[in-house]
Amino acid sequence: MIPQTQSRVGKHGRCMEAAIASILEIDESAVPDFGGDSEYLLNIAKFLNAFDLYYVRVTPTDPIIKTMFKIGTVYHMIEGKSPRGGLHAVVGRNGKIVHDPHPQDGTGRGLVRIDNFGLICARMNGGA
C-alpha cells in the first residue's frame, strides 16, 4: 500500500479514488472519477475489471469480518461518516484505519462511524 492524497475534497471529493489508488499502488490521477451515488459502484467495478479485480462491500457485523482478518495482511476500504460531516472512505489493514486520504487529515482522524468494509478481490478468468 502506497498512501495517496485525494486531489479534491468536499461533497464531490475523491476519497474513494485515492484510497483505491493507495491499495493498488498507483497514482490517484490514474483513477477516473467514479461519479455520484447512483453510479459510483458500477464505475468502481468497471475500473477494477481492467485489473481483473472487483469490489465487494460487507457490513461491520458480517461474520466474514472476523475470519478474513485472522490470516495474513488484508488491505481494504473502510467507508463511513467523516468527522468533517458527510461520507468518507479510508484505507484499512486488518480492520483498522491505516491511511486517511484527506489532505487536511494528517492526524488520521479517519471516521466517526463505520458503515462498510470494502474488499478488492481477484477476478478469476477462464472459469466455468
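As numbered in the working numbering, residues -18 to 109 make up the sequence shown, in order. Virtual Cβ for every residue (Gly too), placed ideally from N, Cα, C. Source: prediction; values computed, not measured.
Residue i, DSSP secondary structure in three states
i	result
A109	At A109, the pLDDT of 46 sits below 50, so the modelled position is not reliable; the number obtained from the coordinates is stated separately. The answer is coil: DSSP assigns A109 none of H, G, I, E or B.
A0	helix
I59	strand
L92	coil
A70	strand
K(-8)	coil
K77	strand
A11	helix
Contact check, residue i vs residue j, beta carbons under 7 Å
i	j	result
L115	G61	Within the shown structure, residues of the chain are numbered from -18 to 109, placing residue 115 beyond reach of any answer.
A26	P82	no
M58	G99	yes
Q(-15)	S10	no
I(-17)	L34	no
I78	P41	no
Sequence-distant residues of its chain with Cβ nearer than 6 Å to residue i (five each side left out)
i	result
L68	none
C(-4)	Q(-13), H69, A70 and P82
R38	N97 and G99
From the options, residue whose alpha carbon lies closest to that of residue i
i	options	result
Y36	N24, T42 and K77	N24
I7	E(-2), D14 and F15	E(-2)
Cutoff 8 Å; reference residue i; Cβ partners in own chain excluding five residues on either side
i	result
P84	T(-14), Q(-13) and V(-10)
N75	F50, T54 and V55
Neighbourhood of residue i by C-beta distance below 7 Å, restricted to the same chain and skipping five residues each side
i	result
V12	E(-2), I1, A2 and F28
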